[in-house]
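First residue of the sequence shown: 5, per the numbering used here; consecutive thereafter.
Even glycine gets a Cβ: it sits at the ideal position worked out from N, Cα and C.
These notes concern the structure reproduced below.
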Amino acid sequence: MEGEVKNIGEIVKQAQKVQAQIMRMKDELAKRRVEATAGGGMVKAIASGNGEITSIEIEPEIILSGDRDMLQDLIVAAVNEALRKAKELAAEELSRITKGINIPGLF
Numbered sequence: 005m006e007g008e009v010k011n012i013g014e015i016v017k018q019a020q021k022v023q024a025q026i027m028r029m030k031d032e033l034a035k036r037r038v039e040a041t042a043g044g045g046m047v048k049a050i051a052s053g054n055g056e057i058t059s060i061e062i063e064p065e066i067i068l069s070g071d072r073d074m075l076q077d078l079i080v081a082a083v084n085e086a087l088r089k090a091k092e093l094a095a096e097e098l099s100r101i102t103k104g105i106n107i108p109g110l111f
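Next up, the structure:
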């Protein structure tokens, strides 16, 4: 019984260590940036590593073209790609911490 308590204590210690690493990782991800473009660079979306769009850049030519539908499509495409890259970055960082173990509910 005493050996089991010691093992449980070690498991709790490890879980707390991983939790602290994940919190640090989330803070670090908020500072990192990924970017994606659409329309040959006409629209660029920049997202933080934690999946928030931080800026969108639109080349003046696409605005001046007056093609509203195309502009909307390009914005959606760039934003979706930036969010995909942010999610991929977060998954890579999490995998490094958990050594590839999938922990449901983290992201």
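To which residues of the same chain is residue i closer than 7 Å at the C-beta, ignoring the five residues directly before and after it?
i, result
"A1", "In the structure as shown, the chain begins at 5 and stops at 111. Residue 1 is therefore absent and cannot be evaluated."
Round the Cβ separation of residue i and residue j to the nearest angstrom and send it over; I've been treating them as touching at under 8 Å.
i, j, result
"I101", "I26", "6 Å"
Below 8 Å CB to CB, which residues in the same chain sit around residue i once its five sequence neighbours on both sides are set aside?
i, result
"I66", "G43, M46, V47, M74, L75 and L78"
"K30", "N54"
"R72", "none"
Between the Cα of residue i and those of the options, spot the shortest distance and give me the residue it belongs to.
i, options, result
"S59", "R72, A82 and D71", "A82"
"A94", "R36, V22, Q20 and A19", "R36"
"E97", "G70, N84, R28 and I62", "R28"
Once the 5 residues before and after residue i are set aside, which same chain residues still bring their CB inside 6 Å of it?
i, result
"A90", "V38, A51, G53 and G55"
"M5", "The pLDDT assigned to M5 is 48, lower than 50, so where the model puts this residue is not dependable; a value taken from the coordinates is nonetheless given after this. Answer for M5: no residue qualifies."
"S99", "none"
"E61", "K48"
"E63", "M46"
"V80", "none"
List the residues that DSSP assigns as beta-bridge partners of residue i.
i, result
"V38", "A51"
- Output the residue ranges of the alpha helix (DSSP H) runs that lie fully inside the region 40-86 and measure 4 residues or longer, sorted by chain position. 64-68
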